[in-house]
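A.B. asks: Quick one: structure below, then a few questions.
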Amino acid sequence: MAGTNDPVPTDEHGVPLPVAQAADGPTAHAAGTLTIPEPAPRRRGDALRGLFLGPVFWRDIRIASRTRATYIMRGVVVLVLFCVLAIAYAAVHAEADSRTSPAQRLQELQVIAPALSITLMWFYFTVFPIMAATGLGGVALERKRGTLSVLAATPMSPASIVLSTMTARLLQVALLFGATLPAVIIVAGYGGMETASVLTGGAIILSTIVLAAACGSFGSVLAKTPASAASTGISLLLLVNFYPVFIMMIAALFGAGGAFMTGGWMMTMFMASPFFTLLATDGIGAGGAPFYTPLWLHVAVSLAISGGLLTACVVRWRPIVRGAMAGPPPKVRLSRKARRAAAEAEAKRLAAQAAVGSPSLAAEPEPGVAVELPAATDSTVRTASASRTVGDQPVLWRELQQLIPWKSKKSLVISALPFAVLGIIYYNTKPGDEGVVTAVSLFSLAMGVLACCGSASGSISSEVLGRTLPLLLTSRLNVRQILLSKFLGAWLRVWPLAAVTLTAIVVSSLFGGVRIIAVVPILMIFAAATAMMASASLLGAVLFRRPSMAGWFAVLCGLAIWAMPFPAIGIVYLLLMGSRGRGPMEFFDVFCSFNPFYLMGETVSQLERSSRFSVRWPSNAQTGTDVWILILALFVAAATVWTIVALRLARSRFETNVLKRLV
Amino acid sequence: MIELTNLSKSFGQHIALQAVTLTIGEGECFGFIGPNGAGKSTTMKILAGLLTPTTGSAKVCGRSVITEPDAVRPLIGYMPDFLGVYEDLTVDEYLQFFASAFLIPRAKRRSTVDGVLQLVDLTDKRDAMVDSLSRGMQQRLGVARVLLHDPKVLLLDEPASGLDPRARIELRELILELRRMGKTLMVSSHILSELAEMTTSLGIIEKGRMLFAGSVEEAFRKANIGDRIEVKLELEPGSDVRGHHMAMAERLRRDERIAGAEFADGTLLVDLAATAEGGGHSHHFLIAAILEAGGRIAAFTPRSVKLEDAFLRLTKGALN
Ligand SMILES: Nc1ncnc2c1ncn2[C@@H]1O[C@H](COP(=O)(O)OP(=O)(O)OP(=O)(O)O)[C@@H](O)[C@H]1O
Ligand SMILES: [Mg+2]
Numbered sequence: 001m002a003g004t005n006d007p008v009p010t011d012e013h014g015v016p017l018p019v020a021q022a023a024d025g026p027t028a029h030a031a032g033t034l035t036i037p038e039p040a041p042r043r044r045g046d047a048l049r050g051l052f053l054g055p056v057f058w059r060d061i062r063i064a065s066r067t068r069a070t071y072i073m074r075g076v077v078v079l080v081l082f083c084v085l086a087i088a089y090a091a092v093h094a095e096a097d098s099r100t101s102p103a104q105r106l107q108e109l110q111v112i113a114p115a116l117s118i119t120l121m122w123f124y125f126t127v128f129p130i131m132a133a134t135g136l137g138g139v140a141l142e143r144k145r146g147t148l149s150v151l152a153a154t155p156m157s158p159a160s161i162v163l164s165t166m167t168a169r170l171l172q173v174a175l176l177f178g179a180t181l182p183a184v185i186i187v188a189g190y191g192g193m194e195t196a197s198v199l200t201g202g203a204i205i206l207s208t209i210v211l212a213a214a215c216g217s218f219g220s221v222l223a224k225t226p227a228s229a230a231s232t233g234i235s236l237l238l239l240v241n242f243y244p245v246f247i248m249m250i251a252a253l254f255g256a257g258g259a260f261m262t263g264g265w266m267m268t269m270f271m272a273s274p275f276f277t278l279l280a281t282d283g284i285g286a287g288g289a290p291f292y293t294p295l296w297l298h299v300a301v302s303l304a305i306s307g308g309l310l311t312a313c314v315v316r317w318r319p320i321v322r323g324a325m326a327g328p329p330p331k332v333r334l335s336r337k338a339r340r341a342a343a344e345a346e347a348k349r350l351a352a353q354a355a356v357g358s359p360s361l362a363a364e365p366e367p368g369v370a371v372e373l374p375a376a377t378d379s380t381v382r383t384a385s386a387s388r389t390v391g392d393q394p395v396l397w398r399e400l401q402q403l404i405p406w407k408s409k410k411s412l413v414i415s416a417l418p419f420a421v422l423g424i425i426y427y428n429t430k431p432g433d434e435g436v437v438t439a440v441s442l443f444s445l446a447m448g449v450l451a452c453c454g455s456a457s458g459s460i461s462s463e464v465l466g467r468t469l470p471l472l473l474t475s476r477l478n479v480r481q482i483l484l485s486k487f488l489g490a491w492l493r494v495w496p497l498a499a500v501t502l503t504a505i506v507v508s509s510l511f512g513g514v515r516i517i518a519v520v521p522i523l524m525i526f527a528a529a530t531a532m533m534a535s536a537s538l539l540g541a542v543l544f545r546r547p548s549m550a551g552w553f554a555v556l557c558g559l560a561i562w563a564m565p566f567p568a569i570g571i572v573y574l575l576l577m578g579s580r581g582r583g584p585m586e587f588f589d590v591f592c593s594f595n596p597f598y599l600m601g602e603t604v605s606q607l608e609r610s611s612r613f614s615v616r617w618p619s620n621a622q623t624g625t626d627v628w629i630l631i632l633a634l635f636v637a638a639a640t641v642w643t644i645v646a647l648r649l650a651r652s653r654f655e656t657n658v659l660k661r662l663v
Numbered sequence: 001m002i003e004l005t006n007l008s009k010s011f012g013q014h015i016a017l018q019a020v021t022l023t024i025g026e027g028e029c030f031g032f033i034g035p036n037g038a039g040k041s042t043t044m045k046i047l048a049g050l051l052t053p054t055t056g057s058a059k060v061c062g063r064s065v066i067t068e069p070d071a072v073r074p075l076i077g078y079m080p081d082f083l084g085v086y087e088d089l090t091v092d093e094y095l096q097f098f099a100s101a102f103l104i105p106r107a108k109r110r111s112t113v114d115g116v117l118q119l120v121d122l123t124d125k126r127d128a129m130v131d132s133l134s135r136g137m138q139q140r141l142g143v144a145r146v147l148l149h150d151p152k153v154l155l156l157d158e159p160a161s162g163l164d165p166r167a168r169i170e171l172r173e174l175i176l177e178l179r180r181m182g183k184t185l186m187v188s189s190h191i192l193s194e195l196a197e198m199t200t201s202l203g204i205i206e207k208g209r210m211l212f213a214g215s216v217e218e219a220f221r222k223a224n225i226g227d228r229i230e231v232k233l234e235l236e237p238g239s240d241v242r243g244h245h246m247a248m249a250e251r252l253r254r255d256e257r258i259a260g261a262e263f264a265d266g267t268l269l270v271d272l273a274a275t276a277e278g279g280g281h282s283h284h285f286l287i288a289a290i291l292e293a294g295g296r297i298a299a300f301t302p303r304s305v306k307l308e309d310a311f312l313r314l315t316k317g318a319l320n
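Chains as they are written, first to last, in the numbering used here: chain A, 1 to 663; chain B, 1 to 320.
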């Protein structure tokens, strides 16, 4: 009888575990006696197989094949892919809409094939690495499940655990690729791409997927919670891709000039970034690429980084597991007053000791004699200096507790950081520059949306994993209250980011940049977008078990909501193309701007007092103020409707989906 | 207080509970016994409103768990077989959190939390982080949590699991204390001797079927269990120990007051049948019978009857 959650499946797959062989081995079944089986003779390749296709690999594969979410996910990805392709198709059509003669049509077809191939390539480049970097479980998840100790007690090597987890994830990505094959065939039917480009793109994407899986493994081994494992992996992946931009930004902040930016070493730096390498070779960006790296060098660098990250995982595995088993380090939250009191007590104790006992004994305790018994007993139990008072909405209270920055030094520093960066920026720019407002508001929107993506789903799944949800459900809180509290908690937690934006706007308006009224629409957009994401994430957590799945669901929901109008518009446009000239094109543009990031930039452009400064949002020429207000209103309305619908859906699916998981 | 009528629950093809009917009166302490996977936790989850039964009804204080969950929740304290902890809260905050979740007014929360902490003897751990408590302390914290809203009915799913012997005794005292407070308890366990000392009635469940429900005495009577006596015969050195004992067992089995006799580990194990009234036979007749058969008694050790034996007897027949 194999338990479904058996951490070490030991059967027909020739898993090289002694226990597994005991079941199959010919010598095992002498009646009533226990015979230790002979270890099977080692064959060539066994070591490698154990490393990459170890027991953990088979476990993960089976779990994935058994969960419905895996299949839903594949379906959703395929759906999104087709949406994206439809958009690309419509966009190319839109560009070529004035050509109507057969010759021009032919020309158009020639444009469409590469456009579709490149869309497909970039789609793979975005989705697959992120897939590979998330959902790796890792130490945090094993610990939450309670399987970490079991896993750590097996003779499996850390390398086998880390690498097998990774191969299992890579296989999932490969299966996902299989699911999208029809799209590949369609694109090939349109003429496809040159073989050389396909090979180049494929090599870059493949090495990036491996790199991403390594980043994910790194996050999953180092992170303390499953949710932070995924976000660590993603952050690392983003860093590897966009570090040149960060370096340039920092350099620009400190006033570096163009010579520095286009200097030789700056260019060589790009070589490790998969994003810029693909951009330089994809056929579109190639013309304007600032550098050229030999493909083999890039792939080698990617693989070397992956190797380094994986080695770090393997080396750190045992110490980290040991740390995790010992529980979190004694984290004593002491107020300054309590610390002073403790210090005084300690001083008093020492003084008393010096007065009473002989000084030599106090200075040199005899070996083996426990001198500080009270301290020893205290250290086994982590204590806080004082318990806080819980509010009337307990679930919300707990969510918001994690927000208050002055509780710990670390979070205080983190929350002060954005303001410090803002200060540096102002030091180097003109204080009224609305470009700063654009950048800051876009940045905090992006961070807010990302944070909402993870936190709502993370908090639900940690209630499930920590087994506290049944306790909540048997209390007098009902499901609606619990979900609403979780939603509000996740949503309100990102508002400090809005405070940064607010500061930027106020400063800018004081120095004659953006009009102060911009606060209203910008906060509206921020609120609407983050609420939408938080509710999508909550719905994801109700529908899916894994925190990373839930986060993904939220991302895809967001993309789908923003992309949803496109296919429809594309179809309408195609129908109307010949007869109405550029009319539908305007419509198309309007709908392209139907997303919070665009709206944010547009809002700043609309509400600046003058255009004295060079940094400008690429405002759509055709979008007048009336259209902008219309889109803004539409977006806020759509986000509100979505939030309400998602929360209701989460509520109604809760019983069937989450309760089933609990019991 | 608790009424289950024809309660059934199936998970897909698998039937976890099969037409369970059970009544537990006010102030009773009902011990729920059964092997792993028998359906104990499933029953408790249904009563706690976490699962909906496939058929049948479950009532607490005359209110249906299924149709009026909101009315039943304040009446029930459910302690699952695992303790859910929030690792970022202290003991005090944890209890306040649930006090608030049970809609205890803010003014009364402080005293309520103090009260239950005192009851489970965790007052000095008030500011400790919940996940740093030992298993036994966490278990006590679980009991404290369940008592916060002063429920009439307590459902404790394996409260003693993971506790050391001393903690078990403390838990038993605590449960006896709760009984004195007039609470109705349903306690599941695998360890019968423990239950025997604190329960007033007993339910035995296996493979989703209620095999027995009633008072502890009734369980013994129904199992038809008398005493078990270990007898050692004194024999000449070098004689056939096994043969002599086996022969004696053979003779004793003919007596209708003796339910069974067998030889194991060098001693003769004799099970006395229960009398018609449910009491036991006096042991003297056995001594007489052995002497009469020509045996010399080297040792005669009556063993007290165990609930375990009753349990085995009751469940053995049902398996087939
Ligand atoms: N969510 C579920 N899905 C499918 N089957 C389940 C589920 N929960 C319980 N079961 C099955 O129902 C039966 C009863 O389980 P239950 O947990 O009530 O047993 P139990 O008596 O509490 O056992 P234990 O002593 O091990 O705690 C078992 O056979 C179990 O496999
Ligand atoms: Mg159970």
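Every residue gets a Cβ at the ideal spot worked out from N, C-alpha and C, and that includes glycine.
Mapping the DSSP letters down to three states, classify methionine 181(B) as helix, strand or coil.
C.D. replies: Here residue 181(B) is taken as the residue at index 181 of the second sequence, counted from 1. Correct three-state label for methionine 181(B): coil.
A.B. asks: Within its chain, find whatever has a CB closer than 7 Å to the CB of isoleucine 61(A); leave out the 5 residues flanking it on each side and keep chain order.
C.D. replies: By 1-based counting over the first sequence, the position of residue 61(A) is 61. Here the set comprises Ala168 and Leu171.
A.B. asks: Tyrosine 94(B) by DSSP, collapsed to three states: which one?
C.D. replies: In the second sequence, residue 94(B) corresponds to position 94, counting from 1. Helix.
A.B. asks: Return yes when the C-beta of lysine 40(B) is under 7 Å from any heavy atom of ligand 2, and no when it is not.
C.D. replies: Start at 1 with the first residue of the second sequence, and residue 40(B) comes out as number 40. Answer for lysine 40(B): yes, Cβ within range of ligand 2.
A.B. asks: Please confirm if arginine 388(A) has its CB atom under 8 Å from at least one CB of chain B.
C.D. replies: Residue 388(A) sits at position 388 when you count from the first residue of the first sequence. Yes - at least one Cβ of chain B is within 8 Å of the one on arginine 388(A).
A.B. asks: Let me see if you follow: with CB-CB separation under 8 Å, is glycine 391(A) close to chain B or not?
C.D. replies: As a first step, residue 391(A) must be located in the first sequence, where it is residue number 391. It does: the Cβ of glycine 391(A) has a partner Cβ on chain B nearer than 8 Å.
A.B. asks: Assuming glutamate 399(A) and glycine 489(A) make a contact with CB atoms under 8 Å, what is their CB distance in whole Å?
C.D. replies: If you number the first sequence from 1, residue 399(A) lands on position 399. If you number the first sequence from 1, residue 489(A) lands on position 489. Going by Cβ atoms, the distance from glutamate 399(A) to glycine 489(A) rounds to 3 Å, so yes, they are a contact pair.
A.B. asks: What number of angstroms, rounded off, separates the C-alpha of glutamine 18(B) from the C-alpha of serine 475(A)?
C.D. replies: As a working note, residue 18(B) is residue 18 in the second sequence. As a working note, residue 475(A) is residue 475 in the first sequence. C-alpha separation (whole angstroms): 28 Å.
A.B. asks: Going along chain B in order, which residues have a C-beta closer than 8 Å to the C-beta of glycine 466(A)?
C.D. replies: For the purposes of this step, residue 466(A) is identified with residue 466 of the first sequence, where counting begins at 1. Going along chain B in sequence order, the residues near glycine 466(A) (Cβ under 8 Å) are Gly84, Val85, Tyr86 and Glu87.
A.B. asks: Return no unless some Cβ of chain B is closer than 8 Å to the Cβ of threonine 474(A).
C.D. replies: Against the first sequence, residue 474(A) aligns to sequence position 474. Yes, its Cβ sits closer than 8 Å to a Cβ of chain B.
A.B. asks: Looking at leucine 174(B) and valine 116(B), is the spacing between their C-beta atoms short of 8 Å?
C.D. replies: On the second sequence, residue 116(B) is found 116 positions in, with the first residue counted as 1. On the second sequence, residue 174(B) is found 174 positions in, with the first residue counted as 1. Against a cut-off of 8 Å, the Cβ pair of leucine 174(B) and valine 116(B) comes out as no contact.
A.B. asks: Around the C-beta of serine 611(A), are 16 or more other C-beta atoms found within 10 angstroms, so that it is buried, or is it exposed?
C.D. replies: Locating residue 611(A) in the first sequence gives position 611, where the first residue counts as 1. Bear in mind that the predicted position of serine 611(A) carries a pLDDT of just 46, short of 50, making it too unreliable to give a figure here.
A.B. asks: Using DSSP with H/G/I as helix, E/B as strand and the rest coil, what is leucine 17(B)?
C.D. replies: Your numbering for residue 17(B) matches position 17 in the second sequence. Correct three-state label for leucine 17(B): strand.
A.B. asks: Which residue wins for smallest C-alpha separation from glycine 540(A), given the options Arg653(A), Leu206(A) and Thr147(A)?
C.D. replies: Against the first sequence, residue 540(A) aligns to sequence position 540. Glycine 540(A) has its Cα closest to that of Arg653(A), out of Arg653(A), Leu206(A) and Thr147(A).
A.B. asks: Is arginine 59(A) close to chain B? Criterion is C-beta to C-beta, closer than 8 Å.
C.D. replies: Numbered from 1 along the first sequence, position 59 holds the residue referred to as residue 59(A). So no, arginine 59(A) is outside the interface.
A.B. asks: Below 8 Å between beta carbons: does that hold for methionine 549(A) and alanine 69(A)?
C.D. replies: The count along the first sequence starts at 1 and reaches residue 549(A) at position 549. The count along the first sequence starts at 1 and reaches residue 69(A) at position 69. In this structure, alanine 69(A) lies closer than 8 Å to methionine 549(A) by Cβ.
A.B. asks: Exposed or buried, what is glutamine 139(B) when buried is set at 16 or more other beta-carbons lying within 10 Å of its beta-carbon?
C.D. replies: As a first step, residue 139(B) is located in the second sequence; it is residue number 139 there, counting from the start. By the 10 Å Cβ count, glutamine 139(B) comes out buried.
A.B. asks: Looking at C-alpha atoms only, which residue of Pro237(B), Lys232(B), Gly56(B) and Thr199(B) is the closest neighbour of alanine 261(B)?
C.D. replies: For the purposes of this step, residue 261(B) is identified with residue 261 of the second sequence, where counting begins at 1. Ranking the options by Cα distance to alanine 261(B), first place goes to Lys232(B).
A.B. asks: Which residues in chain A sit within 8 Å of glycine 56(B), going by Cβ to Cβ distance?
C.D. replies: By 1-based counting over the second sequence, the position of residue 56(B) is 56. Within chain A, no residue comes near glycine 56(B); the closest Cβ sits about 17 Å away, beyond 8 Å.
A.B. asks: Is the shortest distance between the beta-carbon of arginine 480(A) and the beta-carbons of chain B less than 8 Å?
C.D. replies: Residue mapping note: residue 480(A) aligns to position 480 of the first sequence, counting from 1. With 8 Å as the cut-off, arginine 480(A) does not count as an interface residue toward chain B.
A.B. asks: Please state whether DSSP places arginine 49(A) in a helix, a strand or coil.
C.D. replies: Along the first sequence, one-based indexing puts residue 49(A) at 49. Helix.
A.B. asks: Taking a contact to mean a Cβ-Cβ separation below 8 Å, would you say valine 60(B) touches isoleucine 104(B) in this structure?
C.D. replies: Position 60 of the second sequence, counted from the first residue, corresponds to residue 60(B). Position 104 of the second sequence, counted from the first residue, corresponds to residue 104(B). In this structure, isoleucine 104(B) does not lie closer than 8 Å to valine 60(B) by Cβ.
A.B. asks: Are the CB atoms of valine 683(A) and leucine 559(A) nearer to each other than 8 Å?
C.D. replies: Any question about residue 683(A) goes unanswered here, given that chain A covers just 1 to 663.
A.B. asks: Are any of the Cβ atoms in chain A nearer than 8 Å to that of isoleucine 76(B)?
C.D. replies: For this step, residue 76(B) is matched to residue 76 along the second sequence. With 8 Å as the cut-off, isoleucine 76(B) counts as an interface residue toward chain A.
A.B. asks: For the candidate residues Ala536(A), Met600(A), Arg59(A) and Leu206(A), whose alpha-carbon lies nearest to that of phenylalanine 177(A)?
C.D. replies: For the purposes of this step, residue 177(A) is taken as residue 177 along the first sequence, with counting starting at 1. Nearest C-alpha to phenylalanine 177(A): Leu206(A).
A.B. asks: Is it buried or exposed, threonine 501(A), if we count other Cβ atoms within 10 angstroms and call 16 or more buried?
C.D. replies: If you number the first sequence from 1, residue 501(A) lands on position 501. Threonine 501(A) should be labelled buried.
A.B. asks: How about leucine 252(B) and alanine 219(B): do their beta carbons lie closer than 8 Å?
C.D. replies: As a first step, residue 252(B) must be located in the second sequence, where it is residue number 252. As a first step, residue 219(B) must be located in the second sequence, where it is residue number 219. It is not a contact, given that the beta carbons lie outside the stated cut-off.
A.B. asks: So, with DSSP's three-state summary, where would you put glycine 558(A)?
C.D. replies: By one-based count along the first sequence, residue 558(A) stands at place 558. The answer is helix: DSSP assigns glycine 558(A) an H, G or I state.
A.B. asks: Below 9 Å on C-beta distance, what does proline 80(B) contact in chain A?
C.D. replies: Indexing the second sequence from 1 puts residue 80(B) at position 80. Chain A residues near proline 80(B): Arg467, Pro470, Leu471 and Thr474.
A.B. asks: Which residue marks the beginning of the alpha helix (DSSP H) containing glycine 271(B), and which one marks its end?
C.D. replies: In the second sequence, the residue the question calls residue 271(B) occupies position 271. Note that residue 271(B) is aspartate in the sequence shown here, rather than glycine. First-last for aspartate 271(B): 267-272, but that is the beta strand (DSSP E), not the alpha helix (DSSP H).
A.B. asks: To the nearest angstrom, report how far apart threonine 643(A) and glycine 45(A) are at their CA atoms.
C.D. replies: As a working mapping, residue 643(A) is identified with position 643 in the first sequence. As a working mapping, residue 45(A) is identified with position 45 in the first sequence. About 53 Å.
A.B. asks: Confirm the yes/no value for this check: CB of phenylalanine 11(B), any heavy atom of ligand 1, distance under 7 Å.
C.D. replies: The sequence position of residue 11(B) within the second sequence is 11, counting from 1. Within the cutoff, so yes.
A.B. asks: Which residues in the same chain have their Cβ closer than 6 Å to the Cβ of lysine 9(B), if we skip the five residues on either side of it in sequence?
C.D. replies: In the second sequence, counting from the first residue as 1, residue 9(B) sits at position 9. These residues qualify, in order along the chain: Ala16, Leu17, Thr42, Pro53 and Thr54.
A.B. asks: For isoleucine 169(B), does the count of other Cβ atoms within 10 angstroms reach 16, so buried, or fall short, so exposed?
C.D. replies: On the second sequence, residue 169(B) is found 169 positions in, with the first residue counted as 1. So isoleucine 169(B) counts as exposed.
A.B. asks: Identify the contact partners of arginine 398(A) in chain B, using a Cβ-Cβ distance below 8 Å as the criterion.
C.D. replies: Mapped onto the first sequence, residue 398(A) falls at position 398. Result: Tyr86, Asp88, Leu89 and Phe97.
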